[in-house]
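Q: Once you've had a glance at the structure underneath, I'll fire off some questions.
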Amino acid sequence: MANYFGLSLDLLFGQAHHGFVSIQRTPQIHNENQLEEYFKGSYKSLKTILNKKSAKVFYSAKDIPVFHLLKSKELCRFKIYLWLHSFSKEKGTKPYHKFYPKLSTIQVINDLIDLYNQVSVSEIWDITTVNSLLKQVYVFFKKGKIALKEAIILCNSLKIVLREIVNKAVLSNNNYRLYQNELLLVNNNVLICNDYERALFVPSGMLSYFK
32 MANYFGLSLD LLFGQAHHGF VSIQRTPQIH NENQLEEYFK GSYKSLKTIL
82 NKKSAKVFYS AKDIPVFHLL KSKELCRFKI YLWLHSFSKE KGTKPYHKFY
132 PKLSTIQVIN DLIDLYNQVS VSEIWDITTV NSLLKQVYVF FKKGKIALKE
182 AIILCNSLKI VLREIVNKAV LSNNNYRLYQ NELLLVNNNV LICNDYERAL
232 FVPSGMLSYF K
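Taken in order, the sequence shown gives residues 32 to 242; the numbers are from this note's numbering.
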């Protein structure tokens, strides 16, 4: 009956009993079409809250937020390849130098980046934030998935992105704040809110999260 009428029993139970929270989990990804749908779903979820003037984002960044990395053509290509290689049931069928993401996937990503850049953002980084991507590049190089030349290009692209992030923090007129944290563990939790509602995204895997 709940499925027929589109009702969430968890949500109804949570409203009736204080102390219970209803959560949603993103579906698993096995191919690029599903990855594209994941980004479309993320855009839709974020837009409902971030479309308000009072919208804010608080990002506890264990990894460099994808909203920065995916601006870079090379890093975007590498991250999509990494995700698909990690999740796809047909991984390893195409080498990195022959892999290029679909234009429709790139367009959805660009829409997501534009939405993120339009609101007030506060990010908290620690020493592991930058190291995470470097380790991914290193592991793929050691496994023979990418060549030395490609690894160097990715590292140089990362340097450019980091300079852009620093410049944005300095020149953004308080619309973008970047903090370094040495006390608490960052975990890629993302809190988005406006004057009327809020949502917390808690990671449960590389691209999965609870909302």
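No residue lacks a Cβ here, since even glycine has one placed at the ideal position from N, Cα and C.
Only a predicted model underlies this, so the values are computations on that prediction, with no experimental measurement involved.
Would DSSP call residue 104 helix, strand or coil?
A: Here residue 104 is taken as the residue at index 73 of the sequence shown, counted from 1. Three-state result, residue 104: helix.
Q: Round the Cβ separation of residue 271 and residue 217 to the nearest angstrom and send it over; I've been treating them as touching at under 8 Å.
A: Because the chain in this structure spans residues 32 to 242, residue 271 falls outside the shown range and cannot be described.
Q: Can you tell me the Cβ-Cβ gap for residue 81 and residue 146, rounded? I've got them flagged as a contact below 8 Å.
A: As a first step, residue 81 is located in the sequence shown; it is residue number 50 there, counting from the start. As a first step, residue 146 is located in the sequence shown; it is residue number 115 there, counting from the start. Indeed, because the Cβ distance is near 6 Å, the residues count as touching under 8 Å.
Q: Considering only residues of the same chain and omitting the five flanking positions on each side of residue 152, which have a CB-CB separation below 6 Å?
A: Position 121 of the sequence shown, counting from 1, holds the residue named residue 152. Closer than 6 Å at Cβ, skipping near neighbours: 88 and 207.
Q: Give a yes or no on whether the minimum CB-CB distance between residue 220 and chain B is below 9 Å.
A: Absent from the structure: chain B. Only one protein chain is present.
Q: Between residue 154 and residue 230, is the Cβ-Cβ spacing less than 9 Å?
A: The residue labelled residue 154 in the question sits at position 123 within the sequence shown. The residue labelled residue 230 in the question sits at position 199 within the sequence shown. It is not a contact, given that the beta carbons lie outside the stated cut-off.
Q: Determine contact between the segment 130–142 and the segment 69–85, defined as no fewer than three beta-carbon pairs at a distance below 8 Å.
A: yes
Q: Using the C-alpha atoms, what's the distance from residue 131 back to residue 59?
A: Your numbering for residue 59 matches position 28 in the sequence shown. Your numbering for residue 131 matches position 100 in the sequence shown. Between residue 59 and residue 131, the C-alpha separation is close to 22 Å.
Q: Which runs of the beta strand (DSSP E) fall wholly inside the segment 152–221 and span at least 3 residues, in chain order?
A: Those beta strand (DSSP E) runs which fall completely within the segment 152–221 and span 3+ residues are 207–211.
Q: Measure the beta-carbon distance from residue 26 to residue 83 and round it to whole angstroms, keeping in mind my assumption that it falls under 8 Å.
A: A query on residue 26 cannot be resolved here, the shown segment of the chain reaching from 32 to 242 and no further.
Q: Just the Cα atoms here: how many angstroms apart are residue 115 and residue 134?
A: Taking the first residue of the sequence shown as 1, we reach residue 115 at position 84. Taking the first residue of the sequence shown as 1, we reach residue 134 at position 103. Approximately 16 Å, taken between the alpha carbons.
Q: Could you work out which residue in 162, 79 and 166 is closest to residue 227 when comparing CA atoms only?
A: Walking along the sequence shown from the start, residue 227 turns up at place 196. Nearest option by C-alpha distance: 79.
Q: Could you give the C-beta distance for residue 95 and residue 160, rounded to a whole number, given that I count them as a contact under 8 Å?
A: Your numbering for residue 95 matches position 64 in the sequence shown. Your numbering for residue 160 matches position 129 in the sequence shown. Right, the Cβ-Cβ distance comes to about 6 Å (below 8 Å), so this counts as a contact.
Q: Which first and last residues belong to the beta strand (DSSP E) in which residue 90 is found?
A: Position 59 of the sequence shown holds residue 90. From DSSP, the beta strand (DSSP E) with residue 90 extends over 87–92.
Q: Could you give the DSSP three-state label for residue 233: helix, strand or coil?
A: The residue labelled residue 233 in the question sits at position 202 within the sequence shown. If DSSP states are grouped into helix, strand and coil, residue 233 belongs with the strands.
Q: How many Å lie between residue 107 and residue 176 at the Cα?
A: Taking the sequence shown and counting its residues from 1, the one referred to as residue 107 is at position 76. Taking the sequence shown and counting its residues from 1, the one referred to as residue 176 is at position 145. So the alpha carbons of these two residues sit roughly 16 Å apart.
Q: Looking at the secondary structure, which residues open and close the alpha helix (DSSP H) in which residue 138 lies?
A: Stepping through the sequence shown from its first residue, residue 138 is reached at position 107. Counting along the chain, the alpha helix (DSSP H) containing residue 138 begins and ends at 134–148.
Q: What's the gap between the Cα of residue 86 and the Cα of residue 97?
A: Indexing the sequence shown from 1 puts residue 86 at position 55. Indexing the sequence shown from 1 puts residue 97 at position 66. Distance between the alpha carbons of residue 86 and residue 97 is about 19 Å.
Q: In the structure shown, what three-state DSSP assignment does residue 80 receive?
A: Residue mapping note: residue 80 aligns to position 49 of the sequence shown, counting from 1. In this structure, DSSP gives residue 80 a helical state, which the three-state scheme calls helix.
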